[in-house]
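Student: Residue numbers (this note's numbering): 13 to 701.
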Ligand code: IVH
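#1: Where does residue 443 fall in DSSP's three states?
#2: With residue 382 and residue 365 assumed to form a contact (beta carbons below 8 Å), what rounded beta-carbon distance in angstroms separates them?
#3: Quick one: is the Cβ of residue 225 within less than 7 Å of any heavy atom of the ligand HEM?
#4: So, residue 337 versus residue 385, is the Cβ gap smaller than 8 Å?
#5: Which partner residues of residue 185 appear in the DSSP bridge assignment?
#6: Within its chain, find whatever has a CB closer than 8 Å to the CB of residue 651; leave out the 5 residues flanking it on each side and keep chain order.
#7: DSSP on residue 546, reduced to helix/strand/coil?
#8: Counting along the chain, where does the alpha helix (DSSP H) carrying residue 112 start and finish?
#9: So residue 594 and residue 578 are in contact, right, with Cβ under 8 Å, and what is the actual spacing, rounded?
#10: Per DSSP, what kind of secondary structure is residue 80 in: helix, strand or coil?
#11: Classify residue 654 as buried or exposed, calling it buried when 16 or more other Cβ atoms lie within 10 Å of its own Cβ.
#12: Under 8 Å, with one C-beta from each stretch per pair, do the region 112–121 and the region 345–356 reach the 3-pair mark?
#13: Can you find a heavy atom of the ligand IVH that lies under 7 Å from the Cβ of residue 234?
#14: If you draw a straight line from the C-alpha of residue 564 to the C-alpha of residue 558, how long is it?
#15: Does the distance from the C-beta atom of residue 209 to that of residue 197 stay below 8 Å?
#16: Return yes when the C-beta of residue 184 is under 7 Å from any heavy atom of the ligand IVH, and no when it is not.
#17: Looking only at its own chain, which residues have a Cβ that is under 6 Å from the Cβ of residue 387, when we skip the five neighbours before and after it?
#18: Can you tell me which residues form a DSSP beta bridge with residue 644?
#19: Taking 7 Å as the cut-off, does the CB of residue 398 come closer than this to any heavy atom belonging to the ligand IVH?
#20: Which word fits residue 43, buried or exposed, when buried means at least 16 other C-beta atoms lie within 10 angstroms of its C-beta?
#21: What residues in its chain sit with their C-beta under 6 Å from that of residue 524, if we drop five residues either side in the sequence?
#22: Give the secondary structure of residue 341 by DSSP, where H, G and I count as helix, E and B as strand, and everything else as coil.
#23: Taking DSSP as the reference, what is the three-state secondary structure of residue 587?
#24: Between the region 405–424 and the region 464–473, are three or more C-beta pairs nearer than 8 Å?
#25: Give me the Cα-Cα distance between residue 505 and residue 529, rounded to the nearest whole angstrom.
#26: Tell me where the beta strand (DSSP E) around residue 350 begins and ends.
#27: Quick one: is residue 138 buried, meaning 16 or more other Cβ sit within 10 Å of its Cβ, or exposed?
#28: Flag this pair as touching only if the region 88–98 and the region 255–264 have three or more C-beta atom pairs under 8 Å; answer yes or no.
#29: Just to confirm, is the Cβ distance from residue 377 to residue 326 under 8 Å?
#30: Mind checking whether residue 310 and residue 304 have CB atoms under 8 Å apart?
#31: Where does residue 289 land, buried or exposed, given buried means 16+ other C-beta within 10 angstroms?
#32: Our contact map puts residue 115 next to residue 279 with C-beta atoms below 8 Å; I'd like the distance itself, whole angstroms only.
#33: Given that a residue counts as buried once 16 or more other Cβ atoms are within 10 Å of its Cβ, and exposed if not, what is residue 149?
#34: For residue 239, count neighbouring Cβ atoms within 10 angstroms of its own Cβ and tell me buried if that reaches 16, exposed if not.
#35: Could you tell me if residue 698 is buried or exposed, where buried requires 16 or more neighbouring beta carbons within 10 angstroms of its beta carbon?
#36: Closest to residue 591 by C-alpha separation, out of 681, 628, 551, 545, would be which residue?
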């Protein structure tokens, strides 16, 4: 990017962040989630780090929190309310450790204190002679709003401290709304046609900013204490962890998820441990606060800017982030369908770097109104493949370019045909893809049967169904370019010397490839049918066909007879049937099948699936998510199939059960949303037996 463009981008980011910040802090009604806001902020600070000449001390990013509202009385904090510096990975956490260790005496022994980072509204509470006298919001860190009356309605804020209490204490903590309370509140608001709160933080803040304490009281808030900003001299402590004990003794809620850690490894394991229960935790959290536990060392480290150096906030990876679409490429799939692929400025989402995502088709692009150069929101929850969920229209500069489907295939330059695709392939759809595509979405096809891209994708599909792991896309392309293979059947006549003579292929790798090909020659009928790449015939349909016909010959005979009865098979509709019939009526395809067999492929007869008819899982659909401790997903799938059940990739109303292992992700959430029954591993094992 040119420097003027960088400057423009910084300005755009500042403006948008300021607008969102105002929505967040002042109106308590943000239109985006925290992830998006954080992501834009991250890009801004990265740019400012790279181009320090654009740093502006008066810019909004150098102010803490929001402006205090006019409606409450402003109070000057006796002790400034600081904020925290965020770290987004273990690596950044370790950099923080390196930095602080440099400032501490050499070989200084110290420990860390870890606690949950609550996502609510930070408040300061002052007690004189054990009596709650004033409570305030953070405001800009120096001046906040006096919300004492509202805070008094929170039951977990003691109005009088338990004895023995100090003469004076300023407690810091977070006013919170539980996830459960938010659910109930939003349900009620929906009924009454009122605005819904985006998250527990906004709901808590919104409730405390009601001028009428009765309204705040109705919101059922909670308070958790985590720090003492000031205390009269009669009480002394040496560690941050001791403050927690005192706070508890004075009568405050203090969260029990906390630990003193001897080193960073222990900190990381605390972070990982809490991550597992975070979803189920009653309150919204956005990370873990890590402090140097020794107060004396905290003083040595001090405060820089608006945050203490002795503390860091580890933020859990966001499932959503923003990035810029650098380009949209058009991929040609194995059936010739042209698929747009968005290329991003690489960005980290849910713990991995994302640099591209499929846009599926033109309808999707139009629905999103996505253009090249746009700033977009991408989502990658758990094991789900990344997708673009939204375009941030306000980040546009006017230079964005619309995406156009080419008239010619980008690979072979032959004409592209436009078709109304009436059906979606039943399998091959992965979770995270858009399931709500209109039935008649427009698809663009390269009609050239010999298009090299189609052939390449087909080869990739073929080896993956045959489980020939040694032959990845790069190797396949190389073999094709070198003339070793022209079609998939040629794979089975390759020999070691063919490969070993190629540059960069040693004897050993050649041997491995050949060995695997020989081992995988034998294949079940259902997999063979799937490998053929017949339009609309994915894994499941192939299995249905195989079970029904038993042998390839019987299927071919049926497809070629005048009375083709393929669509009378359960689960097979007219579009699939039409495609199967036309595939087997094409002599070229029969020749290809013959060539495969001649080259050594052995198709095993399909066993009749008696389980399908009699098995106890007959008619049941299962979705697997997370990790099972007693078996792999593959084995679990086999067991379900053996009992006549089906395993599908995503949760819908028709799912009978979701089997949730350890670290189950969004599928579990979807199941809960749709009211689908969820089984844990133990329940699943019981069901199997
Ligand atoms: S310690 C130096 N402990 O997170 C100020 N803060 O993003 C930090 N927060 O301003 C005080 N949970 O409002 C601390 N367990 C916790 C916290 C916590 C949430 C808030 C606090 C802070 C903000 C920074």
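Glycine is no exception: its CB is placed at the ideal position from the N, C-alpha and C atoms.
Tutor: This is what the structure holds:
#1: In the chain shown, counting from the first residue as 1, residue 443 sits at position 431. The predicted position of residue 443 is uncertain, since its pLDDT is 32 and thus under 50; no value can be drawn from it.
#2: As a first step, residue 382 is located in the chain shown; it is residue number 370 there, counting from the start. As a first step, residue 365 is located in the chain shown; it is residue number 353 there, counting from the start. Wrong, their Cβ atoms sit about 21 Å apart, outside the cutoff.
#3: Of the ligands this structure carries, namely the ligand IVH, none is the ligand HEM.
#4: As a position in the chain shown, residue 337 is number 325, starting the count at 1. As a position in the chain shown, residue 385 is number 373, starting the count at 1. Yes; because the gap between Cβ atoms is below 8 Å, this pair is in contact.
#5: As a first step, residue 185 must be located in the chain shown, where it is residue number 173. Partner(s): 135, 237.
#6: As a first step, residue 651 is located in the chain shown; it is residue number 639 there, counting from the start. The residues are 643, 700.
#7: Translated into the one-based positions of the chain shown, residue 546 becomes position 534. In this structure, residue 546 counts as coil in the three-state DSSP scheme.
#8: Taking the first residue of the chain shown as position 1, residue 112 is located at position 100. Unbroken alpha helix (DSSP H) run through residue 112: 102–115.
#9: For the purposes of this step, residue 594 is taken as residue 582 along the chain shown, with counting starting at 1. For the purposes of this step, residue 578 is taken as residue 566 along the chain shown, with counting starting at 1. That pair is no contact at about 11 Å.
#10: Your numbering for residue 80 matches position 68 in the chain shown. The predicted position of residue 80 is uncertain, since its pLDDT is 46 and thus under 50; a value taken from the coordinates is nonetheless stated next. In this structure, DSSP gives residue 80 a state outside helix and strand, which the three-state scheme calls coil.
#11: Within the chain shown, numbered from 1, the residue matching residue 654 stands at position 642. Answer is exposed; the Cβ neighbour count stays below 16.
#12: No, the region 112–121 does not touch the region 345–356.
#13: Here the question's residue 234 lines up with position 222 in the chain shown. It does not: the Cβ of residue 234 is nowhere closer than 7 Å to a heavy atom of the ligand IVH.
#14: Locating residue 564 in the chain shown gives position 552, where the first residue counts as 1. Locating residue 558 in the chain shown gives position 546, where the first residue counts as 1. Whole-angstrom Cα-Cα distance: 8 Å.
#15: Position 197 of the chain shown, counted from the start, is the residue given in the question as residue 209. Position 185 of the chain shown, counted from the start, is the residue given in the question as residue 197. Against a cut-off of 8 Å, the Cβ pair of residue 197 and residue 209 comes out as a contact.
#16: Looking up residue 184 in the chain shown gives position 172. Flag set: Cβ of residue 184 near the ligand IVH.
#17: For the purposes of this step, residue 387 is identified with residue 375 of the chain shown, where counting begins at 1. Annotation for residue 387: 334, 336, 404, 407 place their beta carbon closer than 6 Å to its own, counting only its chain and skipping 5 residues before and after.
#18: Within the chain shown, numbered from 1, the residue matching residue 644 stands at position 632. None, per the DSSP bridge assignment.
#19: In the chain shown, residue 398 corresponds to position 386, counting from 1. Between the ligand IVH and residue 398, a heavy atom-to-CB distance of less than 7 Å is absent.
#20: Taking the first residue of the chain shown as 1, we reach residue 43 at position 31. Burial call: exposed.
#21: Translated into positions along the chain shown, residue 524 becomes position 512. Only residues of its own chain outside the window of five on either side were considered, and among them 482 have a CB closer than 6 Å to the CB of residue 524, listed in chain order.
#22: Locating residue 341 in the chain shown gives position 329, where the first residue counts as 1. If DSSP states are grouped into helix, strand and coil, residue 341 belongs with the strands.
#23: In the chain shown, the residue the question calls residue 587 occupies position 575. In the three-state reduction of the DSSP assignment, residue 587 falls in the helix class.
#24: The region 405–424 is in contact with the region 464–473.
#25: As a first step, residue 505 is located in the chain shown; it is residue number 493 there, counting from the start. As a first step, residue 529 is located in the chain shown; it is residue number 517 there, counting from the start. Approximately 9 Å between the Cα atoms of the pair.
#26: Mapped onto the chain shown, residue 350 falls at position 338. 350–361 is the span of the beta strand (DSSP E), which, as asked, contains residue 350.
#27: Translated into the one-based positions of the chain shown, residue 138 becomes position 126. Flag for residue 138 reads buried.
#28: These segments do not touch.
#29: Looking up residue 377 in the chain shown gives position 365. Looking up residue 326 in the chain shown gives position 314. No. Outside cutoff.
#30: In the chain shown, residue 310 corresponds to position 298, counting from 1. In the chain shown, residue 304 corresponds to position 292, counting from 1. Contact flag set, yes.
#31: As a working note, residue 289 is residue 277 in the chain shown. So residue 289 ends up on the exposed side.
#32: To locate residue 115, count along the chain shown from 1; it is residue 103. To locate residue 279, count along the chain shown from 1; it is residue 267. About 18 Å separates the beta carbons of residue 115 and residue 279, which is beyond the 8 Å limit, so they are not a contact pair.
#33: The count along the chain shown starts at 1 and reaches residue 149 at position 137. Residue 149 should be labelled buried.
#34: Sequence index remark: in the chain shown, residue 239 carries index 227 (1-based). It counts as buried.
#35: Translated into positions along the chain shown, residue 698 becomes position 686. Residue 698 should be labelled exposed.
#36: Locating residue 591 in the chain shown gives position 579, where the first residue counts as 1. Considering only alpha carbons, the answer is 545.
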